[in-house]
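First comes the structure, then the notes that go with it.
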Amino acid sequence: MTGHIYRDVILEQHVRLFRGAMGAEFLFMDDNARPHRANNVDECLQSEDITRMDWPSYLPDLNPIEHVWDMLSRRIAARQPPPTCLPELRRALLDEWCNIP
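Numbered according to the UniProt record's numbering, the sequence shown spans residues 1 to 101.
Written out as structure tokens, the structure is:
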């Protein structure tokens, strides 16, 4: 993904509209992935008066959800038989998600 795609697809089509529905208290959060920090993305957020939450650098060790995705991936890979289609994968992910301690 590039900064242009992120701006055009995510910010313009979704975040901007959601911010309008939420009002002035809306606080936008993303990680520090390169496309999220492109100059055109910063300009778009400023022009739409969208406040971005400060977030640590994009490091998987500092982003707790990355550990969850890793655990889910390992659990799905260990399933016998493995999911063979999207509906099976969805059911398996939901099942494993519900079993997270």
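Beta carbons: idealized from backbone N, C-alpha and C, even for Gly.
Give every residue of the same chain whose Cβ lies closer than 7 Å to the Cβ of residue i, excluding the five residues on either side of it in the sequence, and list them in chain order.
{"i": "L93", "result": "L72 and I76"}
Just the Cα atoms here: how many angstroms apart are residue i and residue j?
{"i": "G20", "j": "R7", "result": "16 Å"}
{"i": "M53", "j": "P81", "result": "42 Å"}
{"i": "C44", "j": "L11", "result": "8 Å"}
{"i": "G2", "j": "E88", "result": "Gly is not the amino acid found at residue 2; the sequence shown has Thr there. Cα to Cα, the separation comes out at about 31 Å."}
{"i": "L17", "j": "I5", "result": "17 Å"}
Could you give the C-beta distance for residue i and residue j, rounded to a whole number, given that I count them as a contact under 8 Å?
{"i": "W55", "j": "M29", "result": "6 Å"}
CB of residue i to nearest heavy atom of the ligand HEM: below 8 Å?
{"i": "D8", "result": "You won't find the ligand HEM in this model; it holds no ligand whatsoever."}
Taking its Cβ as the centre, do 16 or more other Cβ atoms sit within 10 Å of residue i, making it buried, or is it exposed?
{"i": "L27", "result": "exposed"}
{"i": "H14", "result": "exposed"}
In chain order, what residues of the same chain lie with their CB nearer than 8 Å to the CB of residue i, ignoring the 5 residues before and after it?
{"i": "W97", "result": "L72"}
Tell me which same chain residues have a C-beta within less than 6 Å of the C-beta of residue i, skipping the five on either side of it?
{"i": "E48", "result": "R16"}
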